[in-house]
Each structure stands twice: as C-alpha cells, then as structure tokens.
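**Q**
Next comes the structure, spelled out in structure tokens:
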C-alpha cells in the first residue's frame, strides 16, 4: 500500500472524531467517549467491508482468468485434434477413391471385337 493511501486511511479514521468534536463545540453537551468510539467503529466497519469485498473481487477475477486460460488450452487441444481428424479423414477418402478406381478398371467391360463372318 502506498504512503498516500496509508495517509488517506489515517485521515479517514480521525474524520468522525473531528466531526463529533465540531458538533460538540456547537452544542451544549460534549460527545462522550462512547459517541466517539461508535463513530470510529462505524467508519472502521465500513472500511473493513470494502476491504473484504475488494479481496473477494480480486479472488473472483483471478479465478476467472485461470478458467479462461483452461478454456483456451482446451480449445487449442480441440483444434489440434480436429486437424488430425481432417488429415486422417482426407487420407481415408483418398484411399477409398483409389480403391474405387481400381475396381472400375477391373470391372470395366473389355471391348469385344465382332466376329468375322
């Protein structure tokens, strides 16, 4: 955490105390220690909630990044497997075509010369 952020948090901690002190100066009754503690406690609780929510968001973001990396890896594996299937499939088609041509040559009618009369 930077020094500026620490300074801001320190200032925020004492802001409720200052506000209560000013309010007390304007009123007839000074704030009690309980009033001051409550004001500081609420501010500290709010900061704690923000901290916890921020930490959860960071963890959720890191989880999503990992999930995305896994999905990319799975996708690349699928692409590789697909390319291999295409290569094997084209080879099988070529072999079948060659076999069909060979059968056609064997089964092709042999021209018969007409008998001489």
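In my numbering, the protein residues as written are 920 to 1036. Note that the Cβ used here is the ideal one computed from N, Cα and C, for glycine as well. No experiment lies behind these values; they were computed from the predicted model shown.
1) Distance, Cα to Cα, residue 1021 vs residue 1003?
2) For residue 949, is the classification buried or exposed, using 16 other Cβ atoms within 10 angstroms of its Cβ as the cut-off for buried?
3) Whole angstroms are fine: how far does the CA of residue 924 sit from the CA of residue 951?
4) Considering residue 1032, what are the terminal residues of the alpha helix (DSSP H) in which it resides?
5) Closest Cβ-Cβ distance between residue 977 and chain D: below 8 Å?
6) What are the boundary residues of the alpha helix (DSSP H) that includes residue 995?
**A** Per the coordinate set shown:
1) 27 Å
2) exposed
3) 30 Å
4) Segment: none, residue 1032 is in no alpha helix (DSSP H) and carries neither H nor E.
5) Judged by its chain identifiers, the structure shown contains no chain D, having just a single protein chain.
6) 952–1026
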